[in-house]
Amino acid sequence: MSSTIVSPDAATAAPAHPGRQGLAALTLGAIGVVYGDIGTSPLYTVREIFAPATGLPLDAAHLVGAVSCIFWALMLVVTLKYVTLILRADNRGEGGGLALTALAAHSAAGRPRLRRVLLLLGVFGATLFYGDSVITPAISVLGAMEGLEVVTPALKAWVLPLSLIVLVGLFALQRFGTAVVGRMFGPVILLWFAALAVTGVAQIFQQPAILAALDPREAAQFLSGRGWKVFAAIGAIVLALTGAEALYADLGHFGRRPIQIAWTGLVLPALALNYMGQGALLMREPGAIENPFYRLFPEPLLVPAVVLATLAAIIASQAVISGAYSMTRQAIQLGFLPRMTVRHTSAREIGQIYMPLVNWVLLAGVVAAVLFFGSSSALAGAYGIAVTVTMLITTLLTYVVVREGWRLPAPLAIGATLFFLAIDALLVASCAVKFFDGGWFPLALGALLFVVMSTWQRGRALALESIRREGLELEPFIDSLAADPVPRAARTAVYAVADPATVPQALLHNLKHNQVLHACNVVLTARFLEQPVVEDAARAAVEPLAAGFWRVMLDFGFMETPDVPRALRLCAAKGLIVPPFETSYFLSRETIVPTPGTGMAAWRERLFAGMSRNAGSVVEFFRLPDNAVVELGTRVQI
139 MSSTIVSPDA
149 ATAAPAHPGR
159 QGLAALTLGA
169 IGVVYGDIGT
179 SPLYTVREIF
189 APATGLPLDA
199 AHLVGAVSCI
209 FWALMLVVTL
219 KYVTLILRAD
229 NRGEGGGLAL
239 TALAAHSAAG
249 RPRLRRVLLL
259 LGVFGATLFY
269 GDSVITPAIS
279 VLGAMEGLEV
289 VTPALKAWVL
299 PLSLIVLVGL
309 FALQRFGTAV
319 VGRMFGPVIL
329 LWFAALAVTG
339 VAQIFQQPAI
349 LAALDPREAA
359 QFLSGRGWKV
369 FAAIGAIVLA
379 LTGAEALYAD
389 LGHFGRRPIQ
399 IAWTGLVLPA
409 LALNYMGQGA
419 LLMREPGAIE
429 NPFYRLFPEP
439 LLVPAVVLAT
449 LAAIIASQAV
459 ISGAYSMTRQ
469 AIQLGFLPRM
479 TVRHTSAREI
489 GQIYMPLVNW
499 VLLAGVVAAV
509 LFFGSSSALA
519 GAYGIAVTVT
529 MLITTLLTYV
539 VVREGWRLPA
549 PLAIGATLFF
559 LAIDALLVAS
569 CAVKFFDGGW
579 FPLALGALLF
589 VVMSTWQRGR
599 ALALESIRRE
609 GLELEPFIDS
619 LAADPVPRAA
629 RTAVYAVADP
639 ATVPQALLHN
649 LKHNQVLHAC
659 NVVLTARFLE
669 QPVVEDAARA
679 AVEPLAAGFW
689 RVMLDFGFME
699 TPDVPRALRL
709 CAAKGLIVPP
719 FETSYFLSRE
729 TIVPTPGTGM
739 AAWRERLFAG
749 MSRNAGSVVE
759 FFRLPDNAVV
769 ELGTRVQI
């Protein structure tokens, strides 16, 4: 099935997805899914801030300053930037990097060069998400399992193998779907945040001096007194912000209000109390720096704390794994990746999907990261840089939306953007100093994926250009058939074509080999718009061409599962009946032939040809009936 990617006729901001559930249920779900990643950051953040690499003295002044930096980073980056501003930049109720990219690209629709730059920028930001999807499960589960060392040092040797067992089991269970586990997400994470708050408050009561961290001047004094070493400190403080992008990515699942209520009503207070609790503990017992999070718990509660932390880490990992599936499907439908197998794991929730290839590639990456880095402290060097670069890209894309799309006054849009860009640039620079300590890992992975995605997009454009150049114009061809009658079969034939103005190759092959036409011939083009969902009323455009010929355009959003037979049934209201049991689908199976020329570098053309050969089934992707599909091969030179 051929498809194209186009801009929507209109991109208007829509209210955040309200759902059918009540506000309380959605808020509970948001706590479980959205905040799993940022909620497990206390496992390792404070420890890494005072690691030997940062050179920070472990005294009261620096503890208050460091905790103050964490608190105000949460306030400025998460609360002000994401919860207050970016959650409003929804693409018809949907969020996430590619949704924002599509919205920004449409806002710049009249400026093709800027639009292309924005698309490439957004795609690079999306590739960095995969780096996060590899590191988050590894660091979260390792950080949780390292609590076993606190229970008894004799268990230290078991941390790595047990972490691998948990991670392999998590990925192995993905094919069964997340419906059952998903119902447990909210209550478990609710218990987790309650534990964060209670243990933090207990320590604050014993050392109330830590409350000085609420004063922003403490953060300013801490940063100004570090000199150039401030970058190492901020690079560790960034760990408290990982997972902030999930606020925006899950906008379409829960809606703006539940995400905002969950953050301000529970997550932010619990995190702030726990970080201050760890600071208070270290002011009294500097020796607890070995693992300040688990030292918050009384000894009898250490084992339950490890179990709860492991469950929270699994939930945090599940959120990014599911996000990787969703991101990949969006990238496929926006034309940046070849088709892949998508399995739906729920009869009721269309968003619950499983992608085998993505799952096992992610598992391989996670296992490699665990074995290579070996501990959460070592992984902390790799964590952060992908997240902060993504934050910076989000700020740039949001500027285009608020200025070009919303038409906010230039001084307001530019001023707000420069403020957040200054913060983002400081965070990126601070994480960049950890490049050789592991920061290269997500960047290398992102660069590799960017090459793959940009090659696929460019290759598809070259292939479509070749098909248009060598194809026949549709309407003159149909007119010529009227002058030379061909036998007709009493059935309906659907011919897929990327360019609706050209003759489908499958139609030419059918005429050549079978010397027959069908009574009803539908020339079909499926398009994916730069918007999440297309309403059924606007799904199909039907145009009668000549006796027995129709041209149909089917539009899908990038968050939808394209179901062509169902969409064709909508044509009945517009005068075209496509009977499901009397219809055959004729598809052109394109074989890409790399040729010397000005298209792409030879290695990229070979890469594109290989991806094209191994692309997933068109039949499965577009939900075509297996027993009604005829595939005819054609060679396309690029």
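Just so we're aligned, residue 139 is where the sequence shown starts under the numbering used here, counting upward by one. A virtual CB, placed ideally from N, CA and C, is assigned to each residue, including glycine.
I'd like to check one pair, residue 552 with residue 375: are the Cβ atoms closer than 8 Å?
Start at 1 with the first residue of the sequence shown, and residue 375 comes out as number 237. Start at 1 with the first residue of the sequence shown, and residue 552 comes out as number 414. Cβ distance not < 8 Å, so residue 375 and residue 552 don't count as in contact.
Among the candidates 380, 373, 204, 710, whose CA atom is the shortest distance from the CA of residue 570?
Residue numbering aside, residue 570 sits at position 432 when the sequence shown is read from its first letter. Measuring from the Cα of residue 570, the nearest candidate turns out to be 373.
Go ahead and pull the three-state DSSP assignment for residue 363.
As a first step, residue 363 must be located in the sequence shown, where it is residue number 225. Here residue 363 sits in coil by DSSP.
Less than 8 Å between the C-beta atoms of residue 173 and residue 399, yes or no?
What you label residue 173 is simply residue 35 of the sequence shown in a count that begins at 1. What you label residue 399 is simply residue 261 of the sequence shown in a count that begins at 1. Result no, Cβ atoms of residue 173 and residue 399 do not sit closer than 8 Å.
Have a look at 538, 537, 561, 535 and flag the residue whose alpha-carbon is nearest the alpha-carbon of residue 526.
Sequence index remark: in the sequence shown, residue 526 carries index 388 (1-based). Selected option, being the one with the closest Cα: 561.
Determine contact between the region 224-242 and the region 659-676, defined as no fewer than three beta-carbon pairs at a distance below 8 Å.
yes
In three-state DSSP terms, what is residue 682?
Position 544 of the sequence shown, counted from the first residue, corresponds to residue 682. Strand, per DSSP.
From residue 338 to residue 414, what distance separates their C-alpha atoms?
On the sequence shown, residue 338 is found 200 positions in, with the first residue counted as 1. On the sequence shown, residue 414 is found 276 positions in, with the first residue counted as 1. Whole-angstrom Cα-Cα distance: 6 Å.
Can you give me the Cβ contacts of residue 304 inside the same chain, cut-off strictly under 6 Å, excluding the 5 residues immediately before and after it?
The residue labelled residue 304 in the question sits at position 166 within the sequence shown. Hits under 6 Å: 279.
Closest by CA to residue 628, which one among 605, 352, 501, 657?
By 1-based counting over the sequence shown, the position of residue 628 is 490. The option with the nearest alpha carbon to residue 628 is 657.
Along the chain, which unbroken stretches of the beta strand (DSSP E) at least 3 residues long are found entirely within the region 594-665?
626-634
Helix, strand or coil, according to DSSP, for residue 557 in the structure here?
As a first step, residue 557 is located in the sequence shown; it is residue number 419 there, counting from the start. Residue state, collapsed to three classes: helix.
Assuming residue 257 contacts residue 243 (C-beta within less than 8 Å), just tell me the rounded distance between them.
Numbered from its first residue, the sequence shown carries residue 257 at position 119. Numbered from its first residue, the sequence shown carries residue 243 at position 105. That belief holds up - the Cβ atoms of residue 257 and residue 243 are roughly 5 Å apart, short of 8 Å.
Please report the straight-line C-alpha distance between residue 582 and residue 438, rounded to a whole angstrom.
Translated into positions along the sequence shown, residue 582 becomes position 444. Translated into positions along the sequence shown, residue 438 becomes position 300. Roughly 43 Å separates the two Cα atoms.
Starting from residue 693, trace the alpha helix (DSSP H) both ways and give me its first and last residue.
Here residue 693 refers to the residue found at position 555 when the sequence shown is read from its first residue. Residue 693 -> not in any alpha helix (DSSP H); beta strand (DSSP E) instead, spanning 687-695.
Where does the unbroken alpha helix (DSSP H) through residue 179 begin, and where does it stop?
Mapped onto the sequence shown, residue 179 falls at position 41. Per DSSP, residue 179 belongs to no alpha helix (DSSP H) and is neither H nor E.
Does DSSP classify residue 486 as helix, strand or coil?
As a first step, residue 486 is located in the sequence shown; it is residue number 348 there, counting from the start. Only weak support exists for where residue 486 lies, its pLDDT of 49 falling under 50; the value from the coordinates is given anyway. Here residue 486 sits in coil by DSSP.
Cα-Cα separation between residue 778 and residue 760, rounded to whole angstroms:
Nothing can be reported for residue 778: it is not among the residues displayed for the chain, which extend from 139 to 776.
Of the residues 340, 276, 697, which one's Cα is nearest the Cα of residue 182?
Position 44 of the sequence shown, counting from 1, holds the residue named residue 182. The candidate whose alpha carbon is nearest that of residue 182 is 276.
Span of the alpha helix (DSSP H) around residue 532:
In the sequence shown, residue 532 corresponds to position 394, counting from 1. Segment 523-538, the alpha helix (DSSP H) holding residue 532.
Measuring CB to CB, does residue 427 end up less than 8 Å from residue 196?
Taking the first residue of the sequence shown as 1, we reach residue 427 at position 289. Taking the first residue of the sequence shown as 1, we reach residue 196 at position 58. Yes, the pair counts as a contact, with Cβ atoms nearer than the cut-off.
By DSSP's criteria, residue 726 is part of a beta bridge. Which residues make up the other side?
If you number the sequence shown from 1, residue 726 lands on position 588. 770.
N-terminal and C-terminal residue of the alpha helix (DSSP H) that residue 210 is part of:
Your numbering for residue 210 matches position 72 in the sequence shown. Note, residue 210: alpha helix (DSSP H), 198-211.
Separation of residue 314 from residue 486, as counted between CA atoms:
Mapped onto the sequence shown, residue 486 falls at position 348. Mapped onto the sequence shown, residue 314 falls at position 176. The predicted model places residue 486 with a pLDDT of 49, which falls under 50 and marks its position as unreliable, so this point remains unresolved.
Just mark residue 307 as buried or exposed, buried being the case when its beta carbon has 16 or more other beta carbons within 10 Å.
One-based indexing of the sequence shown puts residue 307 at position 169. Label assigned to residue 307: exposed.
DSSP three-state assignment for residue 667, whether helix, strand or coil
Taking the sequence shown and counting its residues from 1, the one referred to as residue 667 is at position 529. If DSSP states are grouped into helix, strand and coil, residue 667 belongs with the strands.
Since residue 421 is in the alpha helix (DSSP H), which residue starts that stretch and which ends it?
The sequence position of residue 421 within the sequence shown is 283, counting from 1. Its alpha helix (DSSP H) spans residues 406-422.
From the DSSP output, in three-state form, read off residue 433 for me.
What you label residue 433 is simply residue 295 of the sequence shown in a count that begins at 1. It is helical.
Relative to the alpha-carbon of residue 285, which residue among 451, 580, 720, 714 has its alpha-carbon at the smallest distance?
Working through the sequence shown from its first residue, we reach residue 285 at position 147. Per the Cα distances, 451.
Between the Cα of residue 594 and the Cα atoms of 620, 471, 697, which residue gives the shortest distance?
Indexing the sequence shown from 1 puts residue 594 at position 456. For residue 594, the nearest C-alpha among the options comes from 471.
CA-CA distance, residue 696 and residue 480?
Here residue 696 refers to the residue found at position 558 when the sequence shown is read from its first residue. Here residue 480 refers to the residue found at position 342 when the sequence shown is read from its first residue. C-alpha separation (whole angstroms): 14 Å.
For the alpha helix (DSSP H) that residue 497 lies in, which residues bound it at each end?
For the purposes of this step, residue 497 is taken as residue 359 along the sequence shown, with counting starting at 1. Its alpha helix (DSSP H) spans residues 494-511.
Out of curiosity, what's the CA-to-CA distance linking residue 421 and residue 200?
Along the sequence shown, one-based indexing puts residue 421 at 283. Along the sequence shown, one-based indexing puts residue 200 at 62. Spanning the two alpha carbons is a distance of roughly 10 Å.
Option in 324, 236, 180, 292 with minimal Cα separation from residue 164:
Your numbering for residue 164 matches position 26 in the sequence shown. That would be 324, whose Cα lies nearest to the Cα of residue 164.
Answer yes or no: do residue 302 and residue 508 have a C-beta to C-beta separation smaller than 8 Å?
Numbered from 1 along the sequence shown, position 164 holds the residue referred to as residue 302. Numbered from 1 along the sequence shown, position 370 holds the residue referred to as residue 508. A contact, by the Cβ cut-off of 8 Å.
Are residue 524 and residue 378 touching if we call contact CB-CB under 8 Å?
Taking the first residue of the sequence shown as 1, we reach residue 524 at position 386. Taking the first residue of the sequence shown as 1, we reach residue 378 at position 240. Cβ atoms of residue 524 and residue 378: not closer than 8 Å.
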